[in-house]
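S.K.: Below are the structure tokens for one structure; questions will follow.
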Amino acid sequence: MAESNVKVLGTWASPFVMRVKIALHLKSVRYEDVEEDLLAPKSELLLKSNPVYKKIPVFFHAHNPICESLIILQYIDEVWTTSASSILPSDPYERSQSRFWAAYVDDKFFPALRRLLIGATEEDKKAALAEVVEGTVVLEGAFGELSKGKAFFGGDNIGFVDIALGSLLGWIEVIGKQCETKLVSEAKTPRLVQWADCFSAHEAVKDVLPDVDKLADFGLKLRAKILKALAPTN
Amino acid sequence: MAKSDAEVKVLGTWASPFVMRVRIALNIKSVAYEFLQERLWEGKSELLLKSNPVHRKVPVLIHGDDTICESLIIVQYIDEVWPSAPILPSDPHERATARFWAAYLDDKWFPSLRAIGMAEGEDSRKAAIGQVEEGLMLLEEAFGKCSQGQAFFGKDQIGYLDITFGCFLGWLRVTEKMSGIKLLNEINTPALLKWANRFCNDAAVKDVMPETEKLSEFAKMLRGRVRATPTS
Numbered sequence: 001m002a003e004s005n006v007k008v009l010g011t012w013a014s015p016f017v018m019r020v021k022i023a024l025h026l027k028s029v030r031y032e033d034v035e036e037d038l039l040a041p042k043s044e045l046l047l048k049s050n051p052v053y054k055k056i057p058v059f060f061h062a063h064n065p066i067c068e069s070l071i072i073l074q075y076i077d078e079v080w081t082t083s084a085s086s087i088l089p090s091d092p093y094e095r096s097q098s099r100f101w102a103a104y105v106d107d108k109f110f111p112a113l114r115r116l117l118i119g120a121t122e123e124d125k126k127a128a129l130a131e132v133v134e135g136t137v138v139l140e141g142a143f144g145e146l147s148k149g150k151a152f153f154g155g156d157n158i159g160f161v162d163i164a165l166g167s168l169l170g171w172i173e174v175i176g177k178q179c180e181t182k183l184v185s186e187a188k189t190p191r192l193v194q195w196a197d198c199f200s201a202h203e204a205v206k207d208v209l210p211d212v213d214k215l216a217d218f219g220l221k222l223r224a225k226i227l228k229a230l231a232p233t234n
Numbered sequence: 001m002a003k004s005d006a007e008v009k010v011l012g013t014w015a016s017p018f019v020m021r022v023r024i025a026l027n028i029k030s031v032a033y034e035f036l037q038e039r040l041w042e043g044k045s046e047l048l049l050k051s052n053p054v055h056r057k058v059p060v061l062i063h064g065d066d067t068i069c070e071s072l073i074i075v076q077y078i079d080e081v082w083p084s085a086p087i088l089p090s091d092p093h094e095r096a097t098a099r100f101w102a103a104y105l106d107d108k109w110f111p112s113l114r115a116i117g118m119a120e121g122e123d124s125r126k127a128a129i130g131q132v133e134e135g136l137m138l139l140e141e142a143f144g145k146c147s148q149g150q151a152f153f154g155k156d157q158i159g160y161l162d163i164t165f166g167c168f169l170g171w172l173r174v175t176e177k178m179s180g181i182k183l184l185n186e187i188n189t190p191a192l193l194k195w196a197n198r199f200c201n202d203a204a205v206k207d208v209m210p211e212t213e214k215l216s217e218f219a220k221m222l223r224g225r226v227r228a229t230p231t232s
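First to last, the protein sequences are chains A and B. The opening residue of the first sequence carries number 1 in full-length UniProt numbering; numbering runs sequentially from there. The opening residue of the second sequence carries number 1 in full-length UniProt numbering; numbering runs sequentially from there.
So, in structure tokens, the structure goes:
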């Protein structure tokens, strides 16, 4: 299905952009991919279409920009409705659970992961690592509750929470290598380990997974850029 | 028994804007509920710790055997279980816009409002006030676009964004009182100023919006306790 006026402004390295692409793949919606260079100054298009946050992804549908990845996901789910590829469940209580855990990923888990990546001191990194590992254990529990014995948080097919957490797998691997620890480990989170493999192999996911070495290299450059911006100036 | 007939309880406190959102949503849907008040100075209750083990925060909605946490998630749940008198708009683009500004209010605007009260030093205070005022200008513009000339963000009735923002009005007024600055005013935010009065007088809101005086006293008490708490 060729959809005119569907565009994604983003970057190959961003997990938030990846979420949007996975959702579009699930719905078989074709789109134009516009790449923003995260290491260069922000583009006109970005500043104009997301003046409040100036961040990617920005999703364009019929020239209207929509920002914030989880909001974009819900928009996509509501516009392209085929029950076969529903991203959120249909039951209100299950929907609330999916929203709760996706919010947990963004509000608690991801910030800890980010602190682990850019941690300037050993102490910072140690604290962040403890938080990240604790987060994975909590998410292992959530997986048990939501999946009900099936392969994904969304049950038989990938859903809202799978996309929210799964999009971070590349960075989880890169940051883990940096710390010389498996952040999602067999010992503490065996179900998540299995889930990660299933998610990464999924039709709608495998072509947007970033190459881990390329991401690691990018991670170093991004960390340097962030630390430079945070450094006190005389 | 239909799910929508099961017993509804709200675990919360009278001062919390987040709890207020849930109560307003239930009022809009004419759903009766039991309000279980957390006694803040006695530590978190068993029920709270059991029903929200991840965040240990109010509000919590208990509906039959299910518990739902996080105010905006609860409001959407309520909207979906009781579909009459809709809270979110029906158009996907309008829904995305409402969600965007609701997230902005929670993630950026309210923290900057709180920062005014906690600012140490005149420079920090001025910076925090500047941020809040900038945010209000953005929201004034958003109001124009969302309301399309009608009374509320939700057009002719209060909706998702009205509830999200409106519940912060109590704390906004306390901040105005304590700082001596009219953050919502005729010059910068004329439309929001009028909207605020309409919101507070709405039937679904009136009885759950705390009086500014009472909230002000509570804020002073909170500040006293925070300052008294020794930090190692």
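Even for Gly, the Cβ is constructed at its ideal location relative to N, Cα and C. Every value quoted in this text rests on a predicted model; they were computed, and no experiment measured them.
Any idea what DSSP makes of H63 of chain B, helix, strand or coil?
M.R.: strand
S.K.: Using CA atoms only, rank isn't needed, just tell me which of A:A224, A:S86 and A:P190 is closest to T136 of chain A.
M.R.: The option with the nearest alpha carbon to T136 of chain A is A:P190.
S.K.: Can you tell me which of the three DSSP states K7 of chain A falls into?
M.R.: strand
S.K.: Closest to L46 of chain A by CA distance: which of A:Y31, A:I66 and A:V29 is it?
M.R.: A:I66
S.K.: Beta-carbon within less than 7 Å of V132 of chain A's beta-carbon, same chain only, minus the 5 sequence neighbours each way: which residues are those?
M.R.: A112, L113, L116 and L183
S.K.: Work out the CA separation of A128 of chain B and A119 of chain B for me, nearest whole Å.
M.R.: 8 Å
S.K.: Just the C-alpha distance for V58 of chain B and E70 of chain B, rounded to the nearest angstrom, thanks.
M.R.: Using only the alpha carbons, I get a separation of about 8 Å.
S.K.: Can you tell me which of the three DSSP states G166 of chain B falls into?
M.R.: helix
S.K.: Hey, does Q76 of chain B have any beta-carbon neighbour from chain A nearer than 8 Å?
M.R.: yes
S.K.: Given this structure, state the Cα-to-Cα distance separating L88 of chain A from S49 of chain A, to the nearest angstrom.
M.R.: In a straight line, the C-alpha of L88 of chain A is about 26 Å away from that of S49 of chain A.
S.K.: Could you tell me the boundaries of the alpha helix (DSSP H) in which P65 of chain A lies?
M.R.: Here P65 of chain A belongs to no alpha helix (DSSP H); instead the beta strand (DSSP E) covers N64 to C67.
S.K.: Which same chain residues, not among the five before or five after V58 of chain A, have their C-beta less than 6 Å away from its C-beta?
M.R.: L9, S49, N50, P65 and C67
S.K.: For S232 of chain B, which of helix, strand or coil comes out of DSSP?
M.R.: Unreliable positioning characterises S232 of chain B in this predicted model, as indicated by a pLDDT of 45, which lies under 50. The coordinate reading is nonetheless provided below. S232 of chain B: coil per DSSP, three-state reduction.
S.K.: Do the stretch 25–38 of chain B and the stretch 66–85 of chain B touch if we need at least three Cβ pairs shorter than 8 Å?
M.R.: Flag = yes, the stretch 25–38 of chain B and the stretch 66–85 of chain B touch.
S.K.: Going by alpha carbons, who is nearest to L139 of chain B out of B:V174, B:D156 and B:A103?
M.R.: B:A103
S.K.: Report the CB separation of residue 235 of chain A from Q97 of chain A in whole angstroms; it is logged as a contact under 8 Å.
M.R.: A question about residue 235 of chain A goes unanswered here, because the residues of chain A that appear run from 1 up to 234.
S.K.: Starting from F35 of chain B and walking both ways along the beta strand (DSSP E), at which residues does that stretch end?
M.R.: E34 to Q37
S.K.: Among all the DSSP beta bridges, which residues are the ones paired with G155 of chain A?
M.R.: A:F152
S.K.: Which one or two residues does DSSP pair with F143 of chain A in a beta bridge?
M.R.: Bridge partners of F143 of chain A: none, in fact.
S.K.: So is M18 of chain A buried or exposed if we call it buried at 16+ other beta carbons inside 10 Å?
M.R.: buried
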